[in-house]
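Mapped onto the working numbering, the consecutive letters of the sequence shown carry residue numbers 1 to 136.
Here a beta-carbon is modelled for each residue, glycine too, at the ideal position from N, C-alpha and C.
As the structure is a prediction and not an experimental result, all values here were calculated from the model.
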Amino acid sequence: LAGFDLSPRMVEKARARGVYDMLWVGELVDSMLSRPDAFDLVLAADVLVYVGDLCPVMVAAERTLRPGGRFAFTCERSQGDGFELHEGRRFAHGEAHIREAVRAAGLTLAHLAHHSTRIDRGDPVPGWIALAVKGA
1 LAGFDLSPRM VEKARARGVY DMLWVGELVD SMLSRPDAFD LVLAADVLVY VGDLCPVMVA
61 AERTLRPGGR FAFTCERSQG DGFELHEGRR FAHGEAHIRE AVRAAGLTLA HLAHHSTRID
121 RGDPVPGWIA LAVKGA
């Protein structure tokens, strides 16, 4: 079990749990690109809301996954086709953008569904839950 975060304090909190085999401080895309064919599963839950264009992330996910590996992720949902930065300073992504970013990276979108992953001021935030797979 490996993990990384941009924040050294978050990595230290994770290390204190004593469940990770490997932890490091690092940026999302660079961390995945630096570990080719390293993982069977990559999970980005409530991470991609801090990223606009998902294309570099999907390319990095494809690189870090082993053949047959899976990239599970969540996003906030935009009604448009692309992506937008909304008032909460979080990005929301449209279905077309997600599908194109996954396809362009050479991954296969195995699942994409509407799903709220958090509550804001008492209301569920529209979101996506997705699974992309690297070909064997």
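- According to the DSSP secondary-structure assignment, residue 77 is paired through a beta bridge with 93.
- Using a Cβ distance threshold of 7 Å, residue 57 and residue 51 count as a contacting pair.
- Across the set 67, 1, 59 and 99, the C-alpha of 1 shows the shortest separation from the C-alpha of residue 17.
- Residues of the same chain with a CB within less than 7 Å of the CB of residue 59, apart from the 5 flanking positions on each side, are 105 in chain order.
- In the three-state DSSP reduction, residue 62 falls in the helix class (H, G or I).
- Annotation: residue 66 to residue 26 spans about 20 Å, alpha carbon to alpha carbon.
- Taking C-beta atoms as the reference points, residue 32 and residue 64 count as a pair closer than 7 Å.
- With contacts defined as CB atoms closer than 7 Å, residue 131 and residue 70 qualify as a contacting pair.
- Beta-bridge annotation (DSSP): residue 85 is paired with 91.
- Listed in chain order, the non-local C-beta contacts of residue 15 below 7 Å within the same chain comprise 23, local neighbours out to five positions each way being set aside.
- Remark: fewer than three beta-carbon pairs, one from each stretch, lie closer than 8 Å, so the region 106 to 115 and the region 78 to 88 are not flagged as touching.
- With respect to the C-alpha of residue 92, the residue from 20, 40, 122 and 54 having the closest C-alpha is 54.
- A direct Cα-to-Cα measurement between residue 20 and residue 12 gives close to 11 Å.
- Remark: C-beta atoms of residue 74 and residue 127 approach each other more closely than 7 Å.
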